[in-house]
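Our numbering numbers the first residue of the sequence shown as 1 and each following residue consecutively.
Each residue gets a CB set at the ideal place from its N, CA and C atoms; glycine is no exception.
Predicted model only: the values in this text are computed from it and were never measured.
Here the structure comes first, spelled out in structure tokens, and everything after it is commentary.
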Amino acid sequence: MPLPAKAGPGPALEARPVRAGDGSGWVLSGWWCDDEVCGACCLSFGGELSSHAGPNARKNHPSDPSYHQDITNMDQPGIPSPPTARSLLSKLRVSRSEPGTGYSRAKFPHWETIDDGCNVRGRWTSPYDGETVDDASEIDIDHLVPLKNAWISGASHWEASRRRTFANDLSSPQLWAVTAHANRQKGDDSPDEWLPSVEGFRCVYAESWVRVKDKYGLTVTREEREALEGVLGASSLFQTSTASTAPTPPTITIAITGKPLLPCSVPAADNVSIALLHPDEAPLMVCSPGLLRFEALRLEKALSNDHPRAIHLRRLAISPQHTSRLPYHDYDWSRVSGTCCENVIGYVPLPVGTAGPLLVDGTSYAIPMATTEGTLVASTSRGCKAINLAGGADTVLTADGITRGPCVSFPSLVRAAQAKTWLDSKPGWETMRSAFDSTSSFARLQSIKTALAGSQLFIRFKASTGDAMGMNMISKGVEKALNVMAASGFTDMAITSVSGNYCADKKASALNWIEGRGKSVVAEAVIPPEVVRSVLKTDVDSLVELNTSKNLVGSAMAGCVGGFNAHAANIVAALFLATGQDAAQVVESANCITMMKNVGGNLQVSVSMPSIEVGTIGGGTNLEPQAAMLNLLGVHGTSETEPGEKSRRLARIVAAAVLAGELSLCSALAAGHLVGAHMRHNRARSL
1 MPLPAKAGPG PALEARPVRA GDGSGWVLSG WWCDDEVCGA CCLSFGGELS SHAGPNARKN
61 HPSDPSYHQD ITNMDQPGIP SPPTARSLLS KLRVSRSEPG TGYSRAKFPH WETIDDGCNV
121 RGRWTSPYDG ETVDDASEID IDHLVPLKNA WISGASHWEA SRRRTFANDL SSPQLWAVTA
181 HANRQKGDDS PDEWLPSVEG FRCVYAESWV RVKDKYGLTV TREEREALEG VLGASSLFQT
241 STASTAPTPP TITIAITGKP LLPCSVPAAD NVSIALLHPD EAPLMVCSPG LLRFEALRLE
301 KALSNDHPRA IHLRRLAISP QHTSRLPYHD YDWSRVSGTC CENVIGYVPL PVGTAGPLLV
361 DGTSYAIPMA TTEGTLVAST SRGCKAINLA GGADTVLTAD GITRGPCVSF PSLVRAAQAK
421 TWLDSKPGWE TMRSAFDSTS SFARLQSIKT ALAGSQLFIR FKASTGDAMG MNMISKGVEK
481 ALNVMAASGF TDMAITSVSG NYCADKKASA LNWIEGRGKS VVAEAVIPPE VVRSVLKTDV
541 DSLVELNTSK NLVGSAMAGC VGGFNAHAAN IVAALFLATG QDAAQVVESA NCITMMKNVG
601 GNLQVSVSMP SIEVGTIGGG TNLEPQAAML NLLGVHGTSE TEPGEKSRRL ARIVAAAVLA
661 GELSLCSALA AGHLVGAHMR HNRARSL
């Protein structure tokens with residue numbers, strides 16, 4: 001609640017007294033005021049609380065030698081010590097927030113402004129943002145635990161008298177004098193959503209928050225508790241190892257930077273052991289962001305693969321406030337560690353929808369799509385419906401081989417040319433293939449393509465890799481083959497890079513567009529004119545004309561490489577995210593040319609995609625949610641009888657789904673429906 005504006009001449013600040021809604025007086029001694037019964041306008045300015053006005057009411061009159069003009073909030077009553085606050089926090093009940101139904105500030109009767117001569121004067125220092133002001137109109141009295149937060153954490157069940165006590169409590173650190181804009185910025189937020197910008201005050205803020213919640217038996221959310229643990233952990237001392245006959249647990253070095261430590265932070269130390277900490281002591285690891293560093297990549301190992309605990313520590317060290325909304329519970333992190341991600345702090349949930357079903361080569365599939373783009377799933381489903389009514393999509397797989405293109409160098413162009421000649425020869429080919437194939441039961445070298453650039457030689461290996469996407473497999477084979485090549489008369493060869501961008505991996509490339517990479521697939525459907533009219537809301541000739549103008553001529557005008565389509569990348573990306581593929585390989589996997597023709601009045605539509613890079617084992621396909629989506633398609637894992645069959649089938653499904661997406665979007669453009677659809681699905685409501 002704001003204090004009244006400054007009144008009268010002179011430097012002194014004059015504020016009307018603020019009293020409890022029931023008329024009882026609030027008395028705070030320690031700061032000078034002409035009115036001996038000072039109200040809530042003074043309550044947060046420091047000093048000791050008194051039950052009545054008396055000699056202390058004028059203790060700090062300007063005529064008194066002990067008078068201090070700068071007024072702060074730091075002498076609030078009841079602020080617990082850091083250890084006490086951590087103990088109180090551990091006892092708070094964790095619960096989801098209750099609905100805010102029925103809440104209003106009127107449910108918490110609190111102070112009213114009256115005139116009786118209070119004229120608190122001086123300078124106020126706001127602890128939230130560190131600003132000092134000398135105008136009472138710029139000061140608010142903030143409920144540290146907002147009234148609405150109290151309502152959704154238990155106060156909705158209280159009697160009105162208890163809510164009045166809560167809103168007017170002078171015996172706990174609940175009421176603070178802060179700048180108005182800091183109060184507005186905080187709003188009703190809890191510590192997982194907002195913390196004071198003054199980092200040195202955050203520990204006091206957290207300690208006060210815990211005291212108030214404990215006093216009134218209010219609950220905390222899991223995110224709220226994590227944020228409080230992070231802030232309070234900054235004030236804890238680390239445990240170090242002591243003499244013991246027990247085996248020494250694995251340790252990890254934690255280095256304190258040279259920055260000045262904040263009031264609630266850990267003392268400087270060179271080395272400490274985190275393996276000695278009990279899980280309940282995990283929050284003790286953390287100091288204010290930027291003040292504490294540890295070898296984060298080794299946390300899981302140091303904690304004996306206690307993944308949730310390692311993640312919890314890492315989140316606290318980074319920023320409890322900003323990571324609290326990022327989930328990490330109820331997840332099988334053993335599938336991630338050493339395979340998918342390092343320095344883990346959580347996972348990002350994405351909505352997954354299904355388009356279809358879609359009939360592909362006689363089999364019906366529900367197409368899983370992970371996306372945040374409204375209309376994408378709905379539009380693709382419309383394309384699926386049109387294709388199904390036409391008898392389904394047919395696909396042809398024309399090639400299957402991942403590539404790796406190392407760069408090697410020689411002392412001269414002549415030696416580089418000799419190496420090229422040898423690689424192009426039958427003996428050279430046999431030597432390289434034998435070496436490559438010896439590294440895997442599934443990887444089989446298919447071809448070698450070479451190109452000279454001065455004395456540098458670029459070698460493009462292409463290999464089948466079973467049901468794996470194959471980058472790790474082919475890299476291992478390439479490394480072995482190059483070592484054998486060096487021992488076969490090319491000891492002067494230097495391996496510049498096992499990946500010389502001649503692959504070309506994760507890049508728009510004419511080479512991939514022309515020669516393909518991964519799976520090369522063509523998908524086609526023939527749509528009757530009545531289906532085009534009834535489902536796609538356009539006609540065959542309009543679609544053919546639009547495709548030519550947009551996807552062929554327009555893309556050529558833009559100089560696109562592999563981009564002769566409407567939005568193939570949209571469908572590829574959504575399927576890749578849902579099924580655990582390498583999202584960065586959408587770059588080349590979305591290479592696509594969309595063709596449309598009027599054949600006897602029917603619409604013949606096809607997509608040719610030369611570089612779909614997918615796998616059904618390894619990497620992100622091992623994660624449970626992604627594996628579930630592959631199982632939905634019936635392609636998870638590897639085929640025991642025909643290695644590579646499942647990944648090839650997945651590539652066919654991707655191409656057919658792209659066909660559906662292209663058909664629907666082009667129809668929307670031809671009919672002029674695109675913008676309207678996006679307005680309906682993308683902006684259905686404002687947040």
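| Check | Outcome |
| --- | --- |
| Extract the residue ranges of the beta strand (DSSP E) inside the region 102-183, only unbroken runs of 3 or more that lie entirely within it. | 123-125, 139-143 and 175-179 |
| Identify whether Ala196 lies in helix, strand or coil by the three-state DSSP scheme. | At residue 196 the sequence reads Pro, which differs from the Ala that was named. Of the three classes helix, strand and coil, the one that applies to Pro196 here is coil, per DSSP. |
| Taking the alpha-carbon positions, what's the Gly374 to Ala366 distance? | 18 Å |
| Apart from the five residues just before and just after His567, which ones in its own chain have a Cβ nearer than 8 Å to its Cβ? | Gly661, Glu662 and Leu665 |
| Residue range of the alpha helix (DSSP H) that Tyr205 falls in? | Arg202 to Lys215 |
| Just the Cα atoms here: how many angstroms apart are Ser534 and Pro357? | 18 Å |
| Rounded to the nearest angstrom, what separates Ala155 and Arg164 at their Cα positions? | 11 Å |
| Assuming contact is defined by CB atoms lying nearer than 8 Å, are Ala468 and Leu445 in contact in what I supplied? | no |
| Three or more beta-carbon pairs under 8 Å between the region 199-214 and the region 222-233, yes or no? | yes |
| When the Cα atoms are used, what is the spatial distance from Ile311 to His329? | 10 Å |
| Going straight from the alpha carbon of Asn472 to that of Thr398, what length do you get? | 23 Å |
| Nearest to Leu195 by CA position, among Thr219, Leu144 and Gly217, is which residue? | Leu144 |
| Taking Thr398 as part of the alpha helix (DSSP H), name the residues at either end of that continuous run. | Not the alpha helix (DSSP H): Thr398 falls in the beta strand (DSSP E), residues Asp394 to Arg404. |
| Leaving out five residues on either side along the sequence, give the residues of the same chain with a beta carbon under 6 Å from the beta carbon of Lys597. | Gln604 |
| How about Ser172 and Tyr128: do their beta carbons lie closer than 8 Å? | no |
| Name the one or two DSSP bridge partners that Tyr365 has. | Leu358 |
| Suppose you measure from the CA of Thr372 to the CA of Leu326; what does that come to, to the nearest Å? | 17 Å |
| By how many angstroms is the C-alpha of Leu659 removed from the C-alpha of Arg539? | With the sequence shown as reference, residue 539 is identified as Asp, and Arg is not the correct amino acid for it. The straight-line gap from Cα to Cα measures roughly 17 Å. |
| Taking Gly230 as part of the alpha helix (DSSP H), name the residues at either end of that continuous run. | Arg222 to Gly233 |
| Taking DSSP's pairing of strands, which residues face Arg444 in a bridge? | Ser464 |
| What does the alpha-carbon distance come out to for the pair Ala355 and Gly405? | 37 Å |
| Whole angstroms are fine: how far does the CA of Arg96 sit from the CA of His157? | 15 Å |
| By DSSP, does Ala583 sit in helix, in strand, or in coil? | helix |
| Where do the N-terminal and C-terminal ends of the beta strand (DSSP E) with Val478 fall, by residue? | No beta strand (DSSP E) contains Val478, which is instead part of the alpha helix (DSSP H) from Met471 to Ala486. |
| Can you check which of these residues, Leu650, Asp189 and Pro80, is closest to Asp400 by C-alpha distance? | Leu650 |
| Answer yes or no: do Ala523 and Ala393 have a C-beta to C-beta separation smaller than 8 Å? | yes |
| Helix, strand or coil for Gly428, going by three-state DSSP, please let me know. | helix |
| According to DSSP, is Ala668 part of a helix, a strand, or is it coil? | helix |
| Going by CA-CA distance only, name the one from Leu536, Trp176 and Arg335 that's closest to Pro146. | Trp176 |
| If we count the other Cβ atoms within 10 Å of its Cβ and call it buried at 16 or more, is Val87 buried or exposed? | Reading off the sequence, residue 87 comes out as Ser, not Val. Exposed, because fewer than 16 other Cβ atoms sit within 10 Å of the Cβ of Ser87. |
| Starting from the C-beta of Gly391, find all residues in its chain whose C-beta is less than 6 Å away, skip the five residues before and the five after it, and write them out in chain order. | none |
| Please return the same chain residues whose Cβ sits closer than 6 Å to the Cβ of Gly562, not counting the five positions on each side in sequence. | Trp513 and Asn591 |
| Apart from the five residues just before and just after Ser542, which ones in its own chain have a Cβ nearer than 7 Å to its Cβ? | Ala670 |
| Counting beta carbon pairs with one atom in the region 573-580 and one in the region 621-628, are three or more of them shorter than 8 Å? | yes |
| Assign Asp169 to buried or exposed, taking buried as 16 or more other Cβ atoms, counted over all protein chains shown, within 10 Å of its Cβ. | buried |
| Taking 8 Å as the threshold (C-beta atoms), are Val178 and Asp140 in contact? | yes |
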